[in-house]
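Counting from 1 along the sequence shown, just add 91 to a position and that's the residue number in the numbering used here.
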Amino acid sequence: MERKELSDRKKLILKAVIEAHIEMGEPVGSKYLMQYKQIAYSSATIRNEMAELEDMGFLEQPHTSAGRVPSEAGYRFYVDSLIEKYNMTAREIAELKTALRSRQSELDNILEEAMRLASSMTNYTALALRPRNVRNVVTRFEVIRMEERKLVLVMVMSSGVVKSKYILCEAPIPENAGALLAATLNECLHGVTADEITLPLLMEMERRMGVYAYLVNPVAKGVYETLTSFEGGDLKFEGVNRLLSYPEYYDMDRLRQMLAMIEQKDDLLRLISDETSALEQSGDDSEVQVYIGHENLVKIMDNSTLILKTVKSGGHVVGTIGIIGPTRMDYSRVISMIDQLSAGIRDALGDGGDRNAGLLPKQNDRQENT
């Protein structure tokens, strides 16, 4: 449809309908436009213009007795002709580094608690690993408007982690834009990996946002940065000093090498992450993995046993817990304990089962007591 075919009156009414629909999310009628949008025409005139805009393909009527909603052509005309273009090149996003800094993510809390329990219950060294390249996606978005140009983007990850990002926008953020932005994010970026955030997807989000399309670029950047931050992996240990309780580690040279491996941890992080990924691909990651002596991933551990169990949430590996000890450890007890802890972690992350059957207390109970 050529722009010249729309009169100034039609443009005014089309613009008012689109902006009212963005605000309310409901079909818009002539009475609403007269009362709330101050359209200085009679109700009959507005209805006639809306009917013609519908015939021209700019509006649609969901039901016979309902008002109108914009069509894709209506949104396109609105973006191209009825609003000012915003500069879509965003500045560097200013993040409030102290936001929620005092709180660890839920997943990290649970893994660390499981690691402490494993070490204290077995008297061995325990580890907790968040593997490299874990496929993490956002399962729910929430948007909180903080100031005129600032909002908080809250993301619930598939792993159970809750992440927050402070977003600074170039233009003011209307109070009613947050709900539309949250709905758009939940419709377009739910379950999407960082690599799947493409230009066509961003353009679709901008189309849905209409007049608030300028919010898409900085918010999408915040989502991308959050998703990619999970790729680095992390490895933590508990009870390293417990190695000294066993004669197998009385050899000071071997002990120093073991401690150096644990302190540097990059090699072990890479090896365990690669092994976890291979197990996930082969479908063998549901069982406790036991590496005895020379079966170990690291040569210096040829007099040790490494026991690992991956933890899944949403069908994907989100972490690994394990035990390092001498080859003469109590395998039956340790394997059983690791199995129960992994079940407790899955339960705490909301993957089913009876929470009371696990060894971990409720996450909410722990947070309320801290």
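Just so it is clear, CB atoms sit at the ideal spot from N, CA and C, and this is done for glycine as well.
query	result
Start-to-end residues for the alpha helix (DSSP H) that takes in Ile363	357-373
Beta-carbon proximity of Glu314 to Leu280, cut-off 7 Å	First, the residue type needs correcting, since residue 314 is Val and not Glu in the sequence shown. Taking 7 Å as the Cβ cut-off, Val314 and Leu280 qualify as a contacting pair.
Arg298 vs Tyr166 beta-carbon contact at 7 Å	yes
Arg192 (DSSP reduced to helix, strand or coil)	Because Arg192 carries a pLDDT of 33, less than 50, the predicted location of this residue cannot be relied on, and no value is offered for it.
Continuous beta strand (DSSP E) stretch holding Ile383: start and end	380-383
Option in Val425, Pro417, Gly416, Thr411 with minimal Cα separation from Leu202	Thr411
Closest residue to Ala164 among Ile383, Asp146, Ala273, Ser249 (Cα-Cα distance)	Asp146
Closest by C-alpha distance to Leu346, when choosing among Lys356, Asn332, His385	Asn332
Among Pro161, Tyr127, Gly435, the one whose alpha carbon lies nearest that of Gly301	Pro161
C-alpha distance - Met428 paired with Leu399, whole-angstrom precision	11 Å
Classification of Leu290 by the beta-carbon crowding that lies within 10 angstroms, buried from 16 upward	exposed
Member of Val379, Met420, Arg236, Glu261 whose CA lies at the smallest distance from the CA of Thr396	Met420
Backbone CA spacing between Lys106 and His407 [nearest angstrom]	45 Å
Inter-stretch contact at 8 Å, needing at least 3 Cβ pairs: the segment 225-235 / the segment 204-214	no
Closest Cα partner of Ala434 within the set Ile391, Val379, Glu316, Asp325	Val379
C-beta contact flag for Arg236 and Gly269 at 7 Å	yes
CB-CB length for Phe213 against Ile415, believed under 8 Å	What sits at residue 213 in the sequence shown is Thr, not Phe. Going by Cβ atoms, the distance from Thr213 to Ile415 rounds to 10 Å, so no, they are not a contact pair.
Pair within 7 Å by beta-carbon distance, Ile109 and Leu124	no
Leu103 versus Tyr303: straight-line alpha-carbon distance, rounded	18 Å
Integer Cβ distance of Thr326 from Lys356, believed to fall under 8 Å	The displayed chain sequence assigns Leu, not Thr, to residue 326. With 8 Å as the limit, Leu326 and Lys356 qualify as a contact, their Cβ atoms being about 5 Å apart.
Sequence-distant residues of the same chain with beta carbon closer than 8 Å to Ile391, five excluded per side	Arg345, Gln348, Met349, Met352
Member of Ser336, Leu318, Gln126 whose CA lies at the smallest distance from the CA of Val253	Leu318
Beta carbon of Leu272 nearer than 7 Å to that of Leu293	no
Rounded C-alpha distance that separates Glu96 from Ala135	21 Å
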